[in-house]
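In the numbering used here, the protein residues as written are 13 to 435.
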């Protein structure tokens with residue numbers, strides 16, 4: 013069987029180049045079926061036994077709910093670790109020998125006379141995209157029907173849907189060279205994260221702490237340094253130039269532009285190759301939309317870095333002991349509050365208390381105070397941001413709601429004190 017598979021793979025020309033097409037996505041459902049099948053067998057044959065042996069102390073099957081829950085989480089992390097490791101190895105195998113792996117200007121030029129957006133894709137690059145796209149398509153359904161429901165369910169669902177959208181869009185917009193490197197940067201740190209979580213569930217605190225340190229280092233180097241200063245730098249290099257205003261189209265190695273002006277600083281690498289008049293409006297629109305999303309991804313990197321940093325500080329304070337999952341932390345409290353506020357606005361919810369103002373006061377002490385007098389309509393989004401920033405900076409944030417409220421349903425907000433006053 014292995015020999016037949018090897019022979020079949022060797023007969024495929026993974027270096028064959030062609031333009032991306034919508035018909036390529038017909039293979040995506042096959043990958044979406046492939047992943048749950050592989051996970052099912054790994055769960056039954058590998059992850060279950062290893063998880064119980066590590067968590068239940070050498071195979072002692074003690075029926076304890078908490079340990080059974082850890083076994084389920086262990087299996088989920090083990091599966092994600094297997095995927096992220098395989099995706100990272102595949103991404104490196106596809107991109108490592110390509111000229112654009114080390115030189116970002118080759119994202120947009122070559123081979124030969126090819127220029128973005130008229131660049132062909134190798135079959136191996138298409139396979140990488142279908143592999144990753146199939147995983148996130150499967151993950152949407154797995155999150156609903158398979159995995160343990162966590163406090164960040166909504167955020168995870170949004171992440172998976174956005175990932176499928178970005179993968180499909182970058183594929184069709186022919187940003188696959190950039191996208192493949194971005195995938196390689198992301199999957200590397202996720203491997204360390206899942207190893208750390210498995211170690212935490214099994215009680216191996218030293219390995220969990222070491223994995224978390226590697227995760228932090230890889231996050232900073234790959235997502236906060238390399239990603240913005242190399243990848244985004246390639247898509248957003250400015251230029252100060254003398255001469256005629258107009259089309260930018262030149263060889264990146266030359267010091268003179270085609271219109272006779274002289275480059276005094278590096279310019280947008282992608283815009284050096286883009287004929288705006290010929291490709292208008294599709295290519296410029298595709299570029300600005302995709303580039304905006306790349307910067308949104310950087311914002312998410314910074315947001316999650318805040319969580320990681322606070323976890324790192326807590327680990328140092330606890331003398332190396334890794335704390336619980338950050339998703340259960342207080343930073344999610346503003347999100348929980350916001351969704352509860354949306355419930356209060358629904359006409360299907362019968363208000364149990366009328367004419368009551370509710371003040372949400374964060375118990376974390378601080379010197380700065382942000383106060384809002386009421387919450388209605390779009391203002392809820394602004395106040396959600398205020399509460400999130402307040403939580404990150406550990407300052408007291410006060411939100412006052414002049415609406416109907418159900419006080420009993422707010423008891424789950426452990427970090428907040430609720431005070432009811434008459435109007």
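Cβ atoms here follow ideal geometry from the backbone N, Cα and C, with glycine treated the same way.
Keep in mind it's a predicted model, so treat the numbers as computed, not measured.
### Task
Closer than 8 Å by C-beta to residue 34: which residues in its own chain qualify, once you throw out the five before and the five after it? Chain order, please.
Here residue 34 is taken as the residue at index 22 of the chain shown, counted from 1. Only 184 meet the Cβ criterion.
### Task
State the Cα-Cα distance for the pair residue 32 and residue 59, rounded to the nearest angstrom.
Here residue 32 refers to the residue found at position 20 of the chain shown. Here residue 59 refers to the residue found at position 47 of the chain shown. So the two alpha carbons sit approximately 37 Å from each other.
### Query
For residue 24, which three-state DSSP category applies?
For the purposes of this step, residue 24 is taken as the residue at position 12 of the chain shown. Three-state result, residue 24: coil.
### Query
Since residue 103 contacts residue 192 with CB under 8 Å, what's their CB separation in whole angstroms?
As a first step, residue 103 is located in the chain shown; it is residue number 91 there, counting from the start. As a first step, residue 192 is located in the chain shown; it is residue number 180 there, counting from the start. About 6 Å; that satisfies the 8 Å criterion.
### Task
Would you tell me roughly how many angstroms separate the C-alpha atoms of residue 119 and residue 310, rounded to the nearest one?
By 1-based counting over the chain shown, the position of residue 119 is 107. By 1-based counting over the chain shown, the position of residue 310 is 298. So the two alpha carbons sit approximately 19 Å from each other.
### Task
Given a cut-off of 7 Å, decide if residue 213 and residue 85 are closer than it, judged by their beta-carbon atoms.
The residue given as residue 85 occupies position 73 in the chain shown. The residue given as residue 213 occupies position 201 in the chain shown. Contact: yes.
### Message
Taking the alpha carbon of residue 175 as the reference point, which residue from 199, 148, 158 and 159 has its own alpha carbon closest?
### Response
As a working note, residue 175 is residue 163 in the chain shown. Comparing Cα positions, the closest option is 148.
### Message
My output table needs one value for residue 136: the three-state DSSP class, helix, strand or coil.
### Response
Residue numbering aside, residue 136 sits at position 124 when the chain shown is read from its first letter. In this structure, residue 136 counts as helix in the three-state DSSP scheme.
### Task
For residue 379, collect the residues of the same chain with a Cβ closer than 6 Å to its Cβ; drop the 5 residues on either side in sequence, then sort them by chain order.
Start at 1 with the first residue of the chain shown, and residue 379 comes out as number 367. Any reading at residue 379 is ruled out, since the residue's pLDDT is 33, under 50, leaving its predicted position unreliable.
### Message
Assuming residue 233 and residue 317 are in contact, meaning their beta carbons sit under 8 Å apart, how far apart are those beta carbons, in whole angstroms?
### Response
For this step, residue 233 is matched to residue 221 along the chain shown. For this step, residue 317 is matched to residue 305 along the chain shown. Incorrect: roughly 12 Å between the Cβ atoms, too far for contact.
### Task
Would you mind working out which of 142, 162, 96 and 79 sits nearest residue 37, comparing C-alpha positions?
Residue mapping note: residue 37 aligns to position 25 of the chain shown, counting from 1. Minimum Cα distance to residue 37 is reached at 142.
### Query
Taking Cβ to Cβ, would you say residue 5 is nearer than 7 Å to residue 210?
Residue 5 lies beyond the stretch modelled for the chain, which goes from 13 to 435, so this question has no answer here.
#### Entry: For residue 29, three-class secondary structure by DSSP
One-based indexing of the chain shown puts residue 29 at position 17. Strand at residue 29.
#### Entry: the segment 120-134 touching the segment 215-229, judged by at least three CB pairs closer than 8 Å
no
### Task
Note down the Cα distance separating residue 135 from residue 145, rounded to an integer number of angstroms.
Start at 1 with the first residue of the chain shown, and residue 135 comes out as number 123. Start at 1 with the first residue of the chain shown, and residue 145 comes out as number 133. Cα to Cα, residue 135 sits roughly 15 Å from residue 145.
### Message
Let me confirm a value: residue 117 is counted as buried when at least 16 other C-beta atoms fall within 10 Å, else exposed. Which label applies?
### Response
Within the chain shown, the letter at position 105 stands for residue 117. Buried, since its Cβ has 16 or more Cβ neighbours within 10 Å.
### Task
Under 7 Å Cβ to Cβ from residue 230, same chain only, skipping five residues before and after it: list those, please.
Taking the first residue of the chain shown as position 1, residue 230 is located at position 218. Closer than 7 Å at Cβ, skipping near neighbours: 200, 201 and 204.
### Query
Near residue 132, what residues of its chain come up, given a Cβ to Cβ distance below 8 Å and the 5 sequence neighbours on each side ignored?
Start at 1 with the first residue of the chain shown, and residue 132 comes out as number 120. Excluding positions up to five away in sequence, the list reads 29, 30, 31 and 126.
### Message
Cutting at 8 Å between CB atoms, please list the residues of its own chain near residue 155, excluding the five before and the five after it.
### Response
Numbered from its first residue, the chain shown carries residue 155 at position 143. Only 165, 168, 169 and 172 meet the Cβ criterion.
### Message
I need the boundaries of the alpha helix (DSSP H) containing residue 106, first residue and last residue.
### Response
For the purposes of this step, residue 106 is taken as residue 94 along the chain shown, with counting starting at 1. Looking at the DSSP string, the run of the alpha helix (DSSP H) that includes residue 106 is 77-107.
### Query
Going by Cα to Cα distance, which pick from 115, 56 and 150 is closest to residue 41?
Counting from 1 along the chain shown, the entry for residue 41 is found at position 29. When only C-alpha atoms are compared, the closest one is 150.
### Message
Give me, in chain order, the residues of the same chain whose beta-carbon lies closer than 6 Å to that of residue 239; leave out the 5 immediate sequence neighbours on both sides.
### Response
Counting from 1 along the chain shown, the entry for residue 239 is found at position 227. So the qualifying residues of the chain are 197.
### Query
Mind checking whether residue 244 and residue 188 have CB atoms under 7 Å apart?
Start at 1 with the first residue of the chain shown, and residue 244 comes out as number 232. Start at 1 with the first residue of the chain shown, and residue 188 comes out as number 176. Cβ distance not < 7 Å, so residue 244 and residue 188 don't count as in contact.
### Query
By a C-beta neighbour count over all protein chains shown, 10 Å radius and 16 as the cutoff for buried, is residue 105 buried or exposed?
Here residue 105 corresponds to residue number 93 of the chain shown, with the count starting at 1. Exposed.
### Query
Which parts of the segment 115-184 are runs of the alpha helix (DSSP H), unbroken and 4 residues or longer, counting only runs that do not cross its ends?
135-157 and 165-184
#### Entry: Residue interval of the alpha helix (DSSP H) (run including residue 211)
Taking the first residue of the chain shown as 1, we reach residue 211 at position 199. Residues 188-213.
### Candidates 47, 246, 180 and 186: closest to residue 94 by CA position
Taking the first residue of the chain shown as position 1, residue 94 is located at position 82. Nearest option by C-alpha distance: 47.
### Query
Rounded to a whole number of angstroms, what is the C-alpha to C-alpha distance between residue 303 and residue 153?
Residue numbering aside, residue 303 sits at position 291 when the chain shown is read from its first letter. Residue numbering aside, residue 153 sits at position 141 when the chain shown is read from its first letter. Roughly 29 Å between the two C-alpha positions.
### Message
So, at 8 Å on beta carbons, what are the nonlocal neighbours of residue 195 in its own chain, with the 5 sequence-adjacent residues on each side left out?
### Response
Counting from one through the chain shown, the residue named residue 195 turns up at place 183. Correct list, in chain order: 99, 103, 140 and 144.
### Distance between residue 54 and residue 130 (C-alpha atoms, nearest Å)
Within the chain shown, numbered from 1, the residue matching residue 130 stands at position 118. Within the chain shown, numbered from 1, the residue matching residue 54 stands at position 42. Their backbone Cα atoms lie some 42 Å apart in a straight line.
### Task
Quick one: measure Cβ to Cβ for residue 63 and residue 87, integer angstroms, because I've assumed they're closer than 8 Å.
Here the question's residue 63 lines up with position 51 in the chain shown. Here the question's residue 87 lines up with position 75 in the chain shown. With 8 Å as the limit, residue 63 and residue 87 qualify as a contact, their Cβ atoms being about 6 Å apart.
### Query
For residue 306, does the count of other Cβ atoms within 10 angstroms reach 16, so buried, or fall short, so exposed?
On the chain shown, position 294 is the one that residue 306 refers to. With 16 or more Cβ atoms within 10 Å of its Cβ, residue 306 is classed as buried.
### Message
Could you tell me the alpha carbon to alpha carbon distance between residue 82 and residue 115, rounded to whole angstroms?
### Response
Here the question's residue 82 lines up with position 70 in the chain shown. Here the question's residue 115 lines up with position 103 in the chain shown. The alpha-carbon atoms of residue 82 and residue 115 are separated by roughly 44 Å.
### Query
Taking all protein chains shown into account, do 16 or more other C-beta atoms lie within 10 angstroms of the C-beta of residue 57, making it buried, or fewer, making it exposed?
Numbered from its first residue, the chain shown carries residue 57 at position 45. By the neighbour-count rule (16 or more Cβ atoms within 10 Å), residue 57 is not buried but exposed.
### Task
Just the C-alpha distance for residue 69 and residue 216, rounded to the nearest angstrom, thanks.
Working through the chain shown from its first residue, we reach residue 69 at position 57. Working through the chain shown from its first residue, we reach residue 216 at position 204. Rounded to whole angstroms, residue 69 to residue 216 spans 12 Å at the Cα level.
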